[in-house]
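Visitor:
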Amino acid sequence: MNIGIVCYPTFGGSGVVATELAKGLAERDHDVHILSYARPARLDTFRTNISYHEVNMNTYPLFEYPPYDLALANQMANLIEYEKIDVLHVHYAIPHATSAYLAKQILGEKAAHVPLITTLHGTDITIVGSDPSYKSVVDFSINQSDGVTAVSNYLRDETYERFDIQKDIKVIPNFIDLDRFKKSDKNHFKKAICPNDEKVVVHVSNFREVKRVPEVVSVFAQVLKHGIEAKLLLVGDGPDRQRAEQRCRELQICDKVRFLGKQDQVEDILSIADLFLIPSGSETFGLAALEAMSCSVPVISSDIGGLPEVNVHGETGYLCDLDDIDCMGDYAVKILSDDDLHQTMSQNARKQAKKFEMSKVITEYEQYYKQCKKDMAQQIT
Ligand code: GMT
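First residue of the sequence shown: 823, per the working numbering; consecutive thereafter.
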């Protein structure tokens, strides 16, 4: 198949899922065209059957806000007309699903055989998409898609709850490359970071408010309070970094906390981790948790959104009520001070990650593309 994939170029979340899907499809001999405003972080090396198309936006003195969605629609229409794509798959509804609808309208009959598939990822539904300033457009664009998928059961249910959706939403979960994300020997790194063989607690995110990074620091402080020698590695960057640094200063634990910034090889850091913390206020799936689990790292998360579909309480780690720092601190101490429990949970984490194995999920997407194409062909005749 000749597949168009539209995504954000981000280091995490939907950008990663879309790019890894593109790479997986290309390995199966599909031709893939990726459309984004910058080269996606995970599109690292040249591949013969992946073409990257950067969305070109002409600025003009009148535009205080250059209309990205229009430039995107224009380029999508070109992709359909000149690259002859069979399927247009957009990741994150805003504005991708809307631009895709417009592209198809522009082409009319010429695009009638090309299904528009929208994958809902998270805040496009739960936060920004539900905001009154976007809600009607999101509702409309989802309903105009020929196929709709969501990355968790929670997100599917939440979409039906918040919007007036007439379409079937198929759940296709996020996935993991088990060969890349596995525990490997990084002893030199561990020695450099933890010369006294301290335990390693890790958090990875884009440091937005919803990720609760200062709370990660507070949970970690409880670990130290219980006399456990440990280091906290914070991976990523974003708006809440300063608040997290401030929390370290308030708790006087800055010497135990390392801010590593954005990193490409997260699996190397996860390889030396003993525990992963993800106390998010909203999380439709929690890809970062899955990456940790695939590296055999137990997870402590908040009990919200799609996280319980990934992290199983008492098996792969623990789930606590939102913002219950004491609960997370107690469980962190429990895991880090009991070697047998830690080993069992590490093994369970890897086992659970295997349920989200990449090739299985890519096959689900391939089958869904075929199904949507078939349905469209029937509609036309
Ligand atoms: O909102 C974000 O953090 C970004 C967003 C995205 O679409 O890039 O992340 C969401 O999608 C990820 C991939 O499907 C999920 O693993 C995240 O849980 C989800 N984030 C939130 O719901 C906050």
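For every residue, glycine included, the Cβ atom is placed at its ideal position computed from N, Cα and C.
Values in this document were obtained by computation on a predicted structure and should not be read as measured data.
Could you check whether Val1024 and Ile1122 sit closer than 8 Å to each other, using their CB atoms as the reference points?
Guide: Result no, Cβ atoms of Ile1122 and Val1024 do not sit closer than 8 Å.
Visitor: Could you tell me whether any non-hydrogen atom of the ligand GMT is closer than 7 Å to the CB of Phe1178?
Guide: No, the Cβ of Phe1178 stays beyond 7 Å of every heavy atom of the ligand GMT.
Visitor: Is His943 near the ligand GMT, going by C-beta to nearest heavy atom under 7 Å?
Guide: Under cutoff, so the answer is yes.
Visitor: Is the shortest distance between the beta-carbon of Lys1012 and the beta-carbons of chain C less than 8 Å?
Guide: Looking at the structure shown, chain C is missing, and only one protein chain is on hand.
Visitor: Beta strand (DSSP E) containing His913: first to last residue?
Guide: 909-913 is the span of the beta strand (DSSP E), which, as asked, contains His913.
Visitor: For the region 845-852 and the region 882-889, state whether three or more C-beta atom pairs, one from each stretch, are separated by less than 8 Å.
Guide: The region 845-852 vs the region 882-889: no contact.
Visitor: With the cut-off set at 8 Å, would you say Gly1151 and Gln1074 are in Cβ contact?
Guide: It is not a contact, given that the beta carbons lie outside the stated cut-off.
Visitor: How is the alpha helix (DSSP H) around Ile964 delimited, first residue to last?
Guide: It spans 957-966 - the alpha helix (DSSP H) in which Ile964 sits, taken as one unbroken run.
Visitor: Nearest to Gly1127 by alpha carbon, out of Thr1185, Pro1120, Thr1106, Ser921?
Guide: It is Thr1106 whose Cα lies nearest to the Cα of Gly1127.
Visitor: Where does the unbroken alpha helix (DSSP H) through Glu876 begin, and where does it stop?
Guide: Element bounds for Glu876: not the alpha helix (DSSP H) but the beta strand (DSSP E), 872-876.
Visitor: Taking all protein chains shown into account, decide if Pro1101 is buried (16 or more other Cβ within 10 angstroms of its Cβ) or exposed.
Guide: Pro1101 is buried by the Cβ-count criterion.
Visitor: Look at Glu1051 and Lys1008 and say whether their C-beta atoms are less than 8 Å apart.
Guide: No; because the gap between Cβ atoms is not below 8 Å, this pair is not in contact.
Visitor: Hey, would you say the C-beta of Phe1029 is under 7 Å away from at least one heavy atom of the ligand GMT?
Guide: Outside the cutoff, so no.
Visitor: Going by other Cβ atoms of all chains shown within 10 Å of its Cβ, with 16 needed for buried, is Arg861 buried or exposed?
Guide: Classification of Arg861: exposed, given that the 10 Å Cβ count is below 16.
Visitor: The alpha helix (DSSP H) that contains Arg1069, what's its start and end?
Guide: That run of the alpha helix (DSSP H) goes 1063-1073.
Visitor: Taking 7 Å as the cut-off, does the CB of Gly1058 come closer than this to any heavy atom belonging to the ligand GMT?
Guide: Gly1058: no, Cβ never under 7 Å from the ligand GMT.
Visitor: Just reading off the beta strand (DSSP E) that Leu1056 is part of, what are its end residues?
Guide: Taken as a continuous stretch (DSSP letters only), the beta strand (DSSP E) holding Leu1056 covers 1052-1057.
Visitor: Identify which residue in Lys1192, Arg1065, Ala933 has its Cα closest to the Cα of Arg1030.
Guide: The residue with the shortest Cα to Cα distance from Arg1030 is Arg1065.
Visitor: Check whether the region 1129-1144 touches the region 950-961, counting contact only when three or more Cβ pairs, one atom from each stretch, lie closer than 8 Å.
Guide: The answer is no - the region 950-961 does not touch the region 1129-1144, with fewer than three Cβ pairs under 8 Å.
Visitor: Starting from Thr940, trace the beta strand (DSSP E) both ways and give me its first and last residue.
Guide: 938-942 is the extent of the beta strand (DSSP E) around Thr940.
Visitor: Go to Val1132, then tell me how far its alpha helix (DSSP H) extends in each direction, as first and last residue.
Guide: Unbroken alpha helix (DSSP H) run through Val1132: 1129-1132.
Visitor: Thr981: beta carbon under 7 Å from a heavy atom of the ligand GMT?
Guide: Checking the Cβ of Thr981 against the ligand GMT gives no.
Visitor: What residue from Met1115, His1048, Ala1095 has the CA that sits closest to Cys1016's CA?
Guide: Out of Met1115, His1048, Ala1095, Ala1095 has the C-alpha closest to the C-alpha of Cys1016.
Visitor: CB Gly835 to CB Gly951, shorter than 8 Å?
Guide: Not closer than 8 Å, so no.
Visitor: Measuring only from the beta carbon, is Phe1098 closer than 7 Å to any heavy atom that is part of the ligand GMT?
Guide: Outside the cutoff, so no.
Visitor: Quick one: residues in its chain with C-beta nearer than 6 Å to the C-beta of Gly826, no 5 flanking neighbours on either side, listed in chain order?
Guide: Answer for Gly826: His855, Leu901, Ile907, Leu910, listed in chain order.
Visitor: What span of residues does the alpha helix (DSSP H) with Asn900 cover, start to end?
Guide: Taken as a continuous stretch (DSSP letters only), the alpha helix (DSSP H) holding Asn900 covers 890-904.
Visitor: Contact between the region 1181-1189 and the region 994-1001 is defined here as three or more beta-carbon pairs at a separation below 8 Å; is this criterion met?
Guide: Touching, yes, given that three or more Cβ pairs across the two stretches are closer than 8 Å.
Visitor: I'd like to know whether the C-beta atoms of Val828 and His913 end up nearer to each other than 8 Å.
Guide: Yes, they are a contact pair.
Visitor: Which residues does DSSP list as the beta-bridge partners of Ser858?
Guide: In DSSP, Ser858 forms a bridge with Glu876.
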